[in-house]
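Encoded as structure tokens, the structure appears first; notes follow it.
In my numbering, the protein residues as written are 546 to 633.
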């Protein structure tokens with residue numbers, strides 16, 4: 546009873562066949578290194594931009610318009626980071 550004839554599948558049933566290549570240890574290491582490197586570079590840029598905006602907010606020589614831009618960038622960065630952490 547556990548045999549299915551693939552030439553005539555049961556009613557309302559379909560079947561799929563796939564051939565997938567298995568990832569080798571070397572390929573896995575390279576992929577993980579690329580993922581970690583990209584994450585570190587992106588995190589570095591986000592920290593740098595947030596630091597520049599924060600220093601702009603604390604500076605006495607910046608105008609009110611520049612401080613508004615810095616606040617909006619910090620708000621967007623914070624929202625993006627929270628969205629990334631929550632993953633919704």
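Note that the Cβ used here is the ideal one computed from N, Cα and C, for glycine as well.
Because the structure is a prediction, the values reported are computed rather than measured.
Separation of residue 628 and residue 588 (C-alpha to C-alpha, rounded to the nearest whole angstrom) is 14 Å.
A check of alpha carbon separations from residue 599 across 584, 590, 608 and 612 identifies 612 as the nearest. Counting C-beta atoms within 10 angstroms of its own C-beta, residue 621 has fewer than 16 neighbours from the protein chains shown and is therefore classed as exposed. Here the alpha carbons of residue 568 and residue 559 stand approximately 28 Å from one another.
In the DSSP annotation of this structure, the continuous segment of the alpha helix (DSSP H) that includes residue 574 starts and ends at 570-603. For residue 612, the secondary structure class from DSSP, reduced to helix, strand or coil, is helix. 8 Å or more divides the Cβ of residue 619 from the Cβ of residue 582.
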